[in-house]
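Read the structure below first, then the notes.
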Amino acid sequence: FVLHKSWMHTPDALAKHYIPYNAKFLGNTEVDQPKGTEIVKEAVRKLKFQRHIKKSEGQKTQKVELQISIYGVKILDPKTKDVQYNCQLHRISFCADDKTDKRIFTFICKDSESNKHLCYVFDSEKCAEEVTLTIGQAFDLAYKKFLESGGKDVETRKQIGTLQKRIQELETENSGLKKQLWELEEQLMIAPVPPAGSISLKPPMSTDVFDMVPFSAVTPLVPIPASNGTPPPPTTTSPPDMSKDLFGAEPFDPFTCGQADFPPDIQSRLDEMQEGFKMGLTLEATVFSLEPLGGRC
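For the sequence shown, this note's numbering begins at 1247 and goes up steadily by one.
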């Protein structure tokens, strides 16, 4: 993707806010290629014809608001602000406006669920070319942001969510172990349980009730003798999967994790984003309507 010599907006306007445009939405239709002038020509002809039929039946063309930023192109209901479509920029591969019918502009976007390529077609009386350039500028800025972050923003959010879930699981496990320890203490009438937070997550060893090995602590404490008077075996190694923190989770720094540490689903998403950005966005001024439809639709 090559920088356009005359971008319309400041980078901050697209990075910190969004640029709104009002347009009429002719709809979207599936296409078999992510790029191509002939591809969008056919899509525009098809949707123009459908609109011509609807107008003859008394149906009005839907009005929408476009919100363009580095996070995507949102298509909203202008009154309720309900988002009808949210097209991520790395999925947009082709964007064009019609130089013969200056009201028409279109872009091709890969659907996030079906992975089909959809061509979106709009009618704007005054700003078709400006919308096309704005989408191009937003794509350029988004790609630069992706390269600068290296995907860390996406990874950080996912890793933090995974860590929080793991902490919840370990807290539940810790509560169960505390309950089990209380029950054993009641049976054996041993000393009260150590303060909360000092109990190891290591499960009790499978020995008999009167020869059980007591729980160790995260920090060294005075060993509690076994009930038969025999000191417990020394605990020189940590149990499997036991880490150095209170809950037993592996130490984690989301800002230094490498690519090899990405969960499979996140790595797949990052690969898909990188592939989409590398494909680039083609901006093109073209003639959509090869054959007039007998009057403006």
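For every residue, glycine included, the Cβ atom is placed at its ideal position computed from N, Cα and C.
| said: Let's test the definition: count the other Cβ atoms within 10 Å of the Cβ of Asp-1344 and tell me whether it reaches 16, buried, or not, exposed. | reply: buried
| When the distance is taken between beta carbons, is Asp-1323 closer than 8 Å to Gln-1334? | no
| field | When Lys-1325, Leu-1409, Val-1286 are compared against Phe-1368, the one with the closest alpha-carbon | value | Val-1286
| query | Quick check: the stretch 1285 to 1301 against the stretch 1268 to 1275, are there 3 or more CB pairs under 8 Å? | reply | yes
| field | Extent of the continuous alpha helix (DSSP H) to which His-1298 belongs | value | 1283 to 1302
| request: Hey, could you find the ends of the alpha helix (DSSP H) Lys-1390 is sitting in? | output: 1374 to 1395
| field | Straight-line gap, His-1255 to Gln-1405 (C-alpha atoms, nearest Å) | value | 34 Å
| Ordered along the chain, which non-local residues of its own chain (more than five positions away) have a Cβ less than 8 Å from that of Ser-1358? | Gln-1334, Arg-1337
| Coil, strand or helix - Leu-1527 by DSSP | coil
| message | Give me, in chain order, the residues of the same chain whose beta-carbon lies closer than 6 Å to that of Leu-1379; leave out the 5 immediate sequence neighbours on both sides. | response | Met-1254
| message | Quick check on the burial criterion: 16 or more other C-beta atoms within 10 angstroms. Buried or exposed for Leu-1393? | response | exposed
| query | Mapping DSSP to helix, strand and coil, what is Gln-1308? | reply | strand
| task | Please classify Gln-1433: does DSSP put it in a helix, a strand, or coil? | result | helix
| query | I think Leu-1516 touches Gly-1382, with their Cβ atoms under 8 Å apart; what is that distance to the nearest whole Å? | reply | Between Gly-1382 and Leu-1516 the Cβ distance is about 23 Å, and since that is not below 8 Å, they are no contact.
| Cut-off 6 Å between Cβ atoms - residues of its own chain near Ser-1581, not counting five sequence neighbours on either side | Because the chain here runs from 1247 to 1543, residue 1581 falls outside it and cannot be looked at.
| Considering only residues of the same chain and omitting the five flanking positions on each side of Thr-1326, which have a CB-CB separation below 6 Å? | none
| message | Can you look up Thr-1418 in the DSSP assignment and give me helix, strand or coil? | response | helix
| task | List the endpoints of the continuous alpha helix (DSSP H) containing Leu-1260. | result | 1257 to 1261
| query | Shortest alpha-carbon distance to Tyr-1389 belongs to which of Gln-1305, Ser-1315, Glu-1530, Ile-1265? | reply | Ser-1315
| How about Val-1377 and Leu-1312: are their beta carbons less than 8 Å apart? | yes
| message | Check for me: the beta strand (DSSP E) holding Leu-1272 runs from which residue to which? | response | 1265 to 1277
| message | Short of 7 Å in beta carbon distance, which residues of its chain neighbour Lys-1292, apart from the five on each side in sequence? Order them along the chain. | response | Thr-1275
| said: Judging by CA-CA distance, which residue of Asp-1258, His-1263, Thr-1307, Cys-1341 is the nearest neighbour of Glu-1284? | reply: Cys-1341
| field | Reference Cys-1365, options Glu-1288, Ser-1421, Leu-1434, closest by Cα | value | Glu-1288
| field | Rounded straight-line distance, which links the Cα of Trp-1428 to that of Ser-1421 | value | 11 Å
| query | Mind checking whether Lys-1306 and Asn-1268 have CB atoms under 8 Å apart? | reply | no
| What do you reckon, are the CB atoms on Ile-1350 and Val-1290 nearer than 8 Å? | yes
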